[in-house]
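Notes follow once the structure below has been shown.
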Amino acid sequence: MIPVLDAELDRHLDGLYAEHVADLERRYSQALEAHGWDAVVLHSGSLVKRSAFDDQYWPLRPVPHWQHWLPLAEPDGALVVRIGQRPKLWRLAARSFWERPPPPPTRAFLDVFDVDEVADPADVKLHLGGGRVACIGEDRARAASWGLGATAASATAPLAAALDELRVHKTPYEVACLAEANRRARAGHEALRSAFRERDASELDLHLLYLGATSQDDWETPYKNIVALDENAATLHHVAYGRRSEPREAASLLVDAGATCRGYGADVTRTWVKGSGAAANAFAELVASVEAMQARLCAAVRPGLSYEDLHDESHRQTAAILRDVGIVRGAVDEAVARGVTRAFYPHGLGHSLGLQTHDVGCALRQARPGNAFLRNTRDVEVGQVFTIEPGIYFIEDLLERLRAGPEASLVDWKTVDALTPLGGVRIEDDLQVTAGNPPTRNLTREHLPTGGGLP
Ligand SMILES: [Mn+2]
105 MIPVLDAELD RHLDGLYAEH VADLERRYSQ ALEAHGWDAV VLHSGSLVKR
155 SAFDDQYWPL RPVPHWQHWL PLAEPDGALV VRIGQRPKLW RLAARSFWER
205 PPPPPTRAFL DVFDVDEVAD PADVKLHLGG GRVACIGEDR ARAASWGLGA
255 TAASATAPLA AALDELRVHK TPYEVACLAE ANRRARAGHE ALRSAFRERD
305 ASELDLHLLY LGATSQDDWE TPYKNIVALD ENAATLHHVA YGRRSEPREA
355 ASLLVDAGAT CRGYGADVTR TWVKGSGAAA NAFAELVASV EAMQARLCAA
405 VRPGLSYEDL HDESHRQTAA ILRDVGIVRG AVDEAVARGV TRAFYPHGLG
455 HSLGLQTHDV GCALRQARPG NAFLRNTRDV EVGQVFTIEP GIYFIEDLLE
505 RLRAGPEASL VDWKTVDALT PLGGVRIEDD LQVTAGNPPT RNLTREHLPT
555 GGGLP
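Going left to right, the sequence shown walks through residues 105 to 559 as the working numbering numbers them.
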């Protein structure tokens, strides 16, 4: 297990946090003024019932606008940001002897906000002050209790879009949190690599091992761990963990799992293969090729580049790999133009990363036809953090359609059938775009250098 309580790290993050908040105050004031508001109330969120027929609640996933300012997972908090004033934080006084929110990861927020408590969240209304006040949150009833119900929807949309834009370029504090989240994820990926090499662990075993190695409860992970053995890797978001595993001649493991730091999440994928025989060897070659392609794509990132152009380039490189391993025949350009690569690589090259695993602000432009699932269509800019995650899979449904169509003759189906039991490959890192040389910092490889075949 890795230590998640590190006093030196906390001091470092707290120092950056004060600058982060000062920066947010300035940029929020500009956004409020530009959109004709005097203040905005950010609601942390309300507890949501697991079922309307039950009396149990999900753990709180705070509203990301709130988390942008505060790493607190407390229900019914209100942060009032008013132009030209120190932000005011209202916390709900915890009076329940049944439960209590998790303790704050830091107390640095006490130094940068005016902090007070209310016994009843509706009381925040008494302290809102005058002028045009917007509310951002997901609980319409709470906004209505503050007299801000009418502003909770369409009227605040332009302001909300401007606030999303503030999350596209990460502050040094946010980058430090994302780097730390990647450091924490490393322990999980390394533990799974070893366990997979040494024994025939089930997906559930591996998932639980990842949680233990990263000191995370299941609901604390930035997204549900994807732990897929063999053909399950062809389900891109496989989270229905199998409970059994038998020895087999060739085996693969795809792990797409992260960790968090103060609300910011890492998003990391590695693929491993073991065994002997032709299928294991061919699949190991495929993993090594995707790994090398992923490194080339990361190296190509620089400010001014269109992310969608890089996505298109990843399809050309995927076609070359498919040809080299004997899956696709003919010219690379033909395989891309006729949609063959899209059957093996149906998702986008990556997405913006931050408080949300698929973060906001980078998919405002519609992707070109054929790039339907691309979640980043923006030009690369200094301060962005995004993933680079190409993959090659053997997905039954997509391959059936390919096999039935006119492009079937471009594919060597014997090779496809031999590799289908191993599911697929994905390699994913988190990149920060910098103003320096090199123009990117790979937040993942600082800690987790490699993937691929296992001896
Ligand atoms: Mn991802």
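For glycine and all other residues, C-beta sits at the position ideal for the given N, C-alpha and C.
Fair warning: this is a prediction, and the values are worked out from it, not measured in the lab.
Using the Cα positions of A399 and G454, report the straight-line distance between them to the nearest angstrom.
As a working mapping, residue 399 is identified with position 295 in the sequence shown. As a working mapping, residue 454 is identified with position 350 in the sequence shown. A399 and G454: Cα-Cα distance of roughly 14 Å.
Starting from the Cα of R271, find the closest Cα among Q488, G540, A439 and give me that residue.
Mapped onto the sequence shown, residue 271 falls at position 167. Looking at the Cα atoms, Q488 is the closest of the given residues.
Mapping DSSP to helix, strand and coil, what is K518?
Taking the first residue of the sequence shown as position 1, residue 518 is located at position 414. Correct three-state label for K518: helix.
Counting along the chain, where does the alpha helix (DSSP H) carrying L270 start and finish?
Sequence index remark: in the sequence shown, residue 270 carries index 166 (1-based). Unbroken run through L270: none, as it is neither H nor E.
Run through DSSP, which three-state label would R545 get?
Position 441 of the sequence shown holds residue 545. Looking at R545 - three-state DSSP - the assignment turns out to be strand.
Do Y314 and A295 have their C-beta atoms closer together than 8 Å?
Translated into positions along the sequence shown, residue 314 becomes position 210. Translated into positions along the sequence shown, residue 295 becomes position 191. Cβ atoms of Y314 and A295: closer than 8 Å.
Runs of alpha helix (DSSP H) wholly within the region 336-422 (minimum 4 residues, chain order)
382-404
Taking 7 Å as the cut-off, is the beta-carbon of D371 closer than that to any non-hydrogen atom of ligand 1?
On the sequence shown, position 267 is the one that residue 371 refers to. A distance criterion of 7 Å places the beta-carbon of D371 in contact range of ligand 1, judged by its closest non-hydrogen atom.
When the Cα atoms are used, what is the spatial distance from V436 to I330?
Residue numbering aside, residue 436 sits at position 332 when the sequence shown is read from its first letter. Residue numbering aside, residue 330 sits at position 226 when the sequence shown is read from its first letter. Taking the straight line joining both Cα atoms gives about 31 Å.
CA nearest to the CA of A259, picked from G527, L136, P326
Position 155 of the sequence shown, counted from the first residue, corresponds to residue 259. When only C-alpha atoms are compared, the closest one is L136.
Nearest candidate by alpha-carbon position, reference E395, set L308, I531, A447
Working through the sequence shown from its first residue, we reach residue 395 at position 291. Considering only alpha carbons, the answer is I531.
Cβ of H415 within 7 Å of any heavy atom in ligand 2?
What this structure holds is ligand 1, not ligand 2.
Using CA atoms only, rank isn't needed, just tell me which of A476, S456, R482, T461 is closest to L468.
Locating residue 468 in the sequence shown gives position 364, counting from the first residue. Taking each of A476, S456, R482, T461 in turn and checking the Cα distance to L468, the smallest one comes out for R482.
Relative to the C-alpha of V185, which candidate in V125, S200, A212 has its C-alpha closest?
For the purposes of this step, residue 185 is taken as residue 81 along the sequence shown, with counting starting at 1. Here the closest residue by C-alpha is V125.
Could you tell me if the beta carbon of T491 falls within a distance shorter than 7 Å of some heavy atom in ligand 1?
Position 387 of the sequence shown, counting from 1, holds the residue named residue 491. Within the cutoff, so yes.
Buried or exposed: which applies to H342, given that a residue is buried once 16 or more other Cβ atoms fall within 10 Å of its Cβ?
Within the sequence shown, the letter at position 238 stands for residue 342. Buried: at least 16 other Cβ atoms inside 10 Å.
With 16 other CB atoms within 10 Å as the buried threshold, where does Y161 fall?
Walking along the sequence shown from the start, residue 161 turns up at place 57. So Y161 ends up on the exposed side.
Rounded to the nearest angstrom, what separates P559 and Y345 at their Cα positions?
If you number the sequence shown from 1, residue 559 lands on position 455. If you number the sequence shown from 1, residue 345 lands on position 241. Caution applies to P559, whose pLDDT of 42 falls short of 50 and renders its modelled position unreliable; the value that the coordinates give is listed next. About 25 Å.
Count the other CB atoms within 10 Å of the CB of H231; is the residue buried (16 or more) or exposed (fewer)?
Position 127 of the sequence shown, counting from 1, holds the residue named residue 231. It counts as exposed.
At a cut-off of 7 Å, is H455 close to ligand 1 when judged by its beta-carbon and the heavy atoms of the ligand?
Residue 455 sits at position 351 when you count from the first residue of the sequence shown. H455: yes, Cβ under 7 Å from ligand 1.
Of all the options H172, F217, C239, E123, which has the alpha carbon lying nearest to the alpha carbon of G367?
Position 263 of the sequence shown, counting from 1, holds the residue named residue 367. Taking only the C-alpha atoms, the option nearest G367 is H172.
Would you check if the region 137-151 and the region 233-242 touch, i.e. whether three or more CB-CB distances between them fall below 8 Å?
A contact is defined here as three or more CB-CB pairs under 8 Å, and the region 233-242 meets this definition with respect to the region 137-151.
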